[in-house]
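Note sheet for the following structure.
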Amino acid sequence: MSNIDLLKLQSLLDDHRHYLLQGYNVVSNPYLRTEDIQMSNTILDKDKLNEKFPGNSFYNYVSGNETGSISETYAGNTLYEMETSFGTKNTIAYNSVALNASLSADYQTGNSILDNNIFLKQYQAHVLGHIYSKGDVSDLRECLDAHFREDLENMEPRKLFLKYGTHLIRDFSVGGCIMLDMRYHNHMHKTVQQVSADAAAAYSGLSFDSSTSAYKNAVSFYQNVSVRIRSVGGNSFSAFSVSDFNSQSKAWMDSLADKAVPFRINRNGSLPIWELTSNAARAKTLEKEFYLYNIDVLDEVKANIPFITDLRVEIRDKDNIRSVCPENWYVAQMNPGTLSAYDIDLNKGSGGKYIYLLYRFGTNQKDRITDIKILMGRNTKLGGYTRIDADLNTGSGGEYIYLAYKKEDNKEKDGIYGLGTTEQSSFTDNYWRMAKDQNNNLADLNKGAGGLFIYLLTYREKYLDEIEREKRELQALADSLK
1 MSNIDLLKLQ
11 SLLDDHRHYL
21 LQGYNVVSNP
31 YLRTEDIQMS
41 NTILDKDKLN
51 EKFPGNSFYN
61 YVSGNETGSI
71 SETYAGNTLY
81 EMETSFGTKN
91 TIAYNSVALN
101 ASLSADYQTG
111 NSILDNNIFL
121 KQYQAHVLGH
131 IYSKGDVSDL
141 RECLDAHFRE
151 DLENMEPRKL
161 FLKYGTHLIR
171 DFSVGGCIML
181 DMRYHNHMHK
191 TVQQVSADAA
201 AAYSGLSFDS
211 STSAYKNAVS
221 FYQNVSVRIR
231 SVGGNSFSAF
241 SVSDFNSQSK
251 AWMDSLADKA
261 VPFRINRNGS
271 LPIWELTSNA
281 ARAKTLEKEF
291 YLYNIDVLDE
301 VKANIPFITD
311 LRVEIRDKDN
321 IRSVCPENWY
331 VAQMNPGTLS
341 AYDIDLNKGS
351 GGKYIYLLYR
361 FGTNQKDRIT
371 DIKILMGRNT
381 KLGGYTRIDA
391 DLNTGSGGEY
401 IYLAYKKEDN
411 KEKDGIYGLG
421 TTEQSSFTDN
431 YWRMAKDQNN
441 NLADLNKGAG
451 GLFIYLLTYR
461 EKYLDEIERE
471 KRELQALADS
481 LK
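204 is the number that the UniProt record's numbering gives to position 204 of the sequence shown; each next residue is one higher, with no gaps.
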């Protein structure tokens, strides 16, 4: 814990009390960042507060033994699960998926959605004190800034949220925090609980001497993790290194004495701005627009999850696809996301050429592939689909088989978020679908060649279901305010 004398701490907390006059937009960023607060657009009038609450009695603060340091680990099979557990305790965001709007890019990179990943967040917070405001809603209404009062009643809701924020800040912590956002490559298929325990032990082990087993176990753990580190308050801390973390963390903690900042709005520490109007109809309009605002953010999140935009078939004389695979392209695998996964030669077991299916990701909606068909027959074509003119049985003597795909710029149509293959003709999974031929029948990609049975799978991102569920709940709340 950063050493700081009581008088200095009280002065530091006093320096930050003006944030109690401000609002914060929990939709655009549920984490409190002072740089996101529109300081020129205050919700409460300082002079009115001083008159209503003489002697700075409008606010109070807690410091010393009632504050301190916490270190917590959050984990989930999906980004949604992890952020839900973290967000419920540490942010003021209304809904958990909107919480991921600014974070999804940290996790959804390339083909990682097909790996057996577990998502983790290590959260270390150092609270020097927290400041909270007094008074009930009727008191606050008497102390509204004149410009805000006018805008509250007349400004278009989205503009109002962007100018002042969606919530008035009422209780916040001062100090700083470190967040390690991690993607654990779960090749050993451990449970979420096991990985969470390993992550907590590894983080603790970083503080041990390098000769200890705890530190060595930490090194081993982080070798299997993709890490992004962020800090709020103190000296900048943006690079993660196992060997330097302990010294960097201590230096960062010591710097909080001079560079502590508001970093977290505490639970129940905010007030929706629509509660500040006494006009019931206007309050209902603003609350409804808040839910619709969240829905729009979720649509942005959905649009930015990478989907497959390009396919190509590589026909090789040698089994060397990894050495010639272009950058940012991926090879379709047999049994994807499992310990037995491997790059699949679509001619496997039948002789002939080595044939691989490659794909790459993008986020341009016009390039989104929404369906893949298997065309049986040398001259077969399908309306609305682009055929890849590469016979998947080249050199093996089997039937002529081609792939064809459809691109649609239609937000109602889901994209494809990964490809794989299976030997099972009765494969069932909630998110993997078996590709069909032009007559909507199952098709073996090795048909007539006598090799391995190979059926093509397309992947539907499970995160989409979580987004759609959140949207339905938000829409129901909005509809209830008609």
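We put the CB at the ideal spot given by N, CA and C, even for glycine. Note that the structure is predicted; figures quoted are calculated from it, not measured.
Can you tell me the Cα-Cα spacing of residue 38 and residue 29, whole angstroms?
-> Taking the straight line joining both Cα atoms gives about 13 angstroms.
Does the Cβ of residue 466 have 16 or more other Cβ atoms within 10 Å, making it buried, or fewer, making it exposed?
-> Buried.
From what residue to what residue does the beta strand (DSSP E) around residue 373 run?
-> Looking at the DSSP string, the run of the beta strand (DSSP E) that includes residue 373 is 369-376.
Please go through the same chain and pick out, in chain order, the residues whose beta-carbon is closer than 6 angstroms to the beta-carbon of residue 162, but skip the five residues on each side of it.
-> Around residue 162: no qualifying Cβ.
Just the C-alpha distance for residue 150 and residue 164, rounded to the nearest angstrom, thanks.
-> Straight-line Cα distance between these residues: approximately 12 angstroms.
Would you kindly work out how many angstroms separate the C-alpha atoms of residue 21 and residue 265, rounded to a whole number?
-> CA-CA distance, residue 21 to residue 265, rounds to 14 angstroms.
The alpha helix (DSSP H) enclosing residue 205, as first and last residue numbers = Taken as a continuous stretch (DSSP letters only), the alpha helix (DSSP H) holding residue 205 covers 192-205.
Taking the C-alpha atoms as reference points, what is the distance between residue 349 and residue 381?
-> Looking at the two C-alpha atoms, the distance is approximately 27 angstroms.
When DSSP labels each residue in this structure, what does residue 440 get in the three-state scheme?
-> In the structure shown, residue 440 sits in coil (DSSP, three-state: anything other than H, G, I, E or B).
Return the CA-CA distance between residue 464 and residue 193, expressed in angstroms with no decimal places.
-> One C-alpha to the other measures close to 24 angstroms.
So the alpha helix (DSSP H) residue 303 belongs to, where does it begin and stop?
-> First-last of the alpha helix (DSSP H) with residue 303: 280-303.
Whole angstroms is fine: what's the gap from residue 222's alpha carbon to residue 245's?
-> Straight-line spacing of the CA atoms in residue 222 and residue 245 works out to 12 angstroms.
May I have a chain-ordered list of the beta strand (DSSP E) segments no shorter than 3 residues that lie completely inside the segment 234-276?
-> Counting whole runs of 3 or more residues, the segment 234-276 contains the beta strand (DSSP E) stretches 261-265 and 270-272.
Going by DSSP, which residues form a beta bridge with residue 432?
-> In DSSP, residue 432 forms a bridge with 459.
Using DSSP with H/G/I as helix, E/B as strand and the rest coil, what is residue 334?
-> In the displayed model, residue 334 falls within a strand according to three-state DSSP.
Would you say residue 455 and residue 428 are within 7 angstroms of each other, going by their C-beta atoms?
-> No, Cβ-Cβ distance for residue 455 and residue 428 is not below 7 angstroms.
Validate contact between the segment 302-310 and the segment 361-371 using beta carbons, cut 8 angstroms, 3 pairs | Below 8 angstroms, enough C-beta pairs join the segment 302-310 and the segment 361-371 to call them touching: three or more.
For residue 405 versus residue 355, is the C-beta distance shorter than 7 angstroms?
-> No, these two residues do not count as a Cβ contact at 7 angstroms.
Rounded C-alpha distance that separates residue 282 from residue 179 = In this model, residue 282 and residue 179 are separated by some 38 angstroms (Cα to Cα).
Along the beta strand (DSSP E) that carries residue 183, what are the first and last residues, could you check?
-> Counting along the chain, the beta strand (DSSP E) containing residue 183 begins and ends at 171-185.
Would you identify the three-state DSSP class for residue 213, choosing helix, strand or coil?
-> Residue state, collapsed to three classes: helix.
Cross-strand partners of residue 127 (DSSP beta bridge) | Looking at the DSSP output, residue 127 bridges to 68 and 175.
Between the Cα of residue 482 and the Cα atoms of 208, 286 and 358, which residue gives the shortest distance?
-> Comparing alpha carbon positions, the residue from 208, 286 and 358 closest to residue 482 is 286.
Could you tell me if residue 403 is buried or exposed, where buried requires 16 or more neighbouring beta carbons within 10 angstroms of its beta carbon?
-> By the neighbour-count rule (16 or more Cβ atoms within 10 Å), residue 403 is buried.
Counting pairs of Cβ atoms below 8 angstroms between the segment 230-250 and the segment 142-161, do you hit three or more?
-> In short, these stretches do not touch, since the Cβ pair count stays below three.
Helix, strand or coil for residue 105 per DSSP?
-> Note that residue 105 has pLDDT 44, beneath the 50 cutoff, so the model's placement of it is unreliable and no number is given.
Taking C-alpha atoms, which residue in 119, 248, 259 and 42 lies nearest to residue 166?
-> Distance from the Cα of residue 166 is smallest, within the candidate group 119, 248, 259 and 42, for 42.
DSSP on residue 160, reduced to helix/strand/coil?
-> In the structure shown, residue 160 falls within a helical segment according to DSSP collapsed to helix, strand and coil.
Backbone secondary structure at residue 490 - three-state DSSP | This structure leaves residue 490 out entirely; the chain is present only between 1 and 482.
So residue 434 packs on residue 457, CB below 8 angstroms; how close in whole Å?
-> Contact flag correct, Cβ pair sits at about 6 angstroms.
CB contact flag (residue 130, residue 256, <7 angstroms) | Contact: no.
Hey, how far is the Cα of residue 479 from the Cα of residue 278?
-> Going by the C-alpha atoms only, they are around 22 angstroms apart.
So, is residue 117 buried or exposed, given that buried needs 16 or more other C-beta atoms within 10 angstroms?
-> Looking at its Cβ environment, which holds 16 or more other Cβ atoms inside 10 Å, residue 117 is buried.
Does DSSP classify residue 353 as helix, strand or coil?
-> It is coil, neither helix nor strand.
Could you tell me which residues DSSP puts in a beta bridge with residue 388?
-> DSSP, once it has assigned bridges, lists 403 as partnering residue 388.
Could you check the C-alpha separation between residue 189 and residue 276 for me, to the nearest Å?
-> Taking the straight line joining both Cα atoms gives about 50 angstroms.
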